[in-house]
Amino acid sequence: MPPPMPAWRAAGDIARTDRRSRGRRRRRQAALRKVQEGVSEETLISARRRVGERRGGSSQAQSAYDEVKWQPNISALPQSAALQQATNNFEAARAQLADLQNGPSQADLDAAYAAVEQAQARLNQRAERPEEVAGRRGGAPACRTVGLVARRG
């Protein structure tokens, strides 16, 4: 069993852990705000532009396919693969735009809220029982005040 940790060091560990927990909560609150705000107009404009580009690519691939569609081995020709790829790209861009326009899903919001609540619960737990955090390391003080007094003394 390792020797007990000095009280002043355990108090420093508690303070460091508290700072990390508060930082974690702030980051998760920022992530929640970002989810709630949804996407920016710039992102929507970019997604709309991408749909237009993909539509153009799909039209070009369709034209190239139409020129050779009478051939018996059409499925083996590169125009078939190009049309399939262009169609897939267009459909993916449309789906992404629709997803962005719909805003955050309830599952996204629930996950962000849960992350904030978890971070707050951890912070509350540390505030209520700091001795458990320090107690895992060895003979630490039962509260912050004792640790701080021991450090100064």
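Take the sequence shown: its position 72, counted from the start at 1, is 70 in our numbering, and no numbers get skipped.
Idealized CB from N, CA, C, for every residue including glycine.
Please read all numbers here as calculations on a predicted model, not as lab measurements.
Whose C-beta lies closer than 7 Å to the C-beta of VAL49 among residues of the same chain, with five residues either side of it excluded? Residues of the same chain with a CB within less than 7 Å of the CB of VAL49, apart from the 5 flanking positions on each side, are ALA91, ARG92, LEU95 in chain order.
With 16 other CB atoms within 10 Å as the buried threshold, where does VAL114 fall? Buried, because 16 or more other Cβ atoms sit within 10 Å of the Cβ of VAL114.
What would DSSP say about PRO76, mapped onto helix, strand or coil? Helix, per DSSP.
Hey, would you say ALA29 sits closer than 7 Å to ALA110, going by beta carbons? Yes. Within cutoff.
Buried or exposed, going by whether 16 or more other CB atoms sit within 10 Å of the CB of ARG26? Buried is the call here.
Name the residue from GLU35, ALA112, THR85, PRO76 whose alpha carbon lies nearest to the alpha carbon of SER56. Closest by alpha carbon: THR85.
Taking the beta carbon of SER19 as the centre, do at least 16 other beta carbons fall within 10 Å, making it buried, or is it exposed? Buried, since its Cβ has 16 or more Cβ neighbours within 10 Å.
Cβ-based neighbour list, LEU42, same chain, cut-off 8 Å, excluding 5 preceding and 5 following: These residues qualify, in order along the chain: LEU95, LEU98, GLN99.
Under the assumption that GLN83 contacts VAL66 (Cβ atoms under 8 Å), give the Cβ distance between them as a whole number of angstroms. With a Cβ gap of about 16 Å, GLN83 and VAL66 do not count as contacting.
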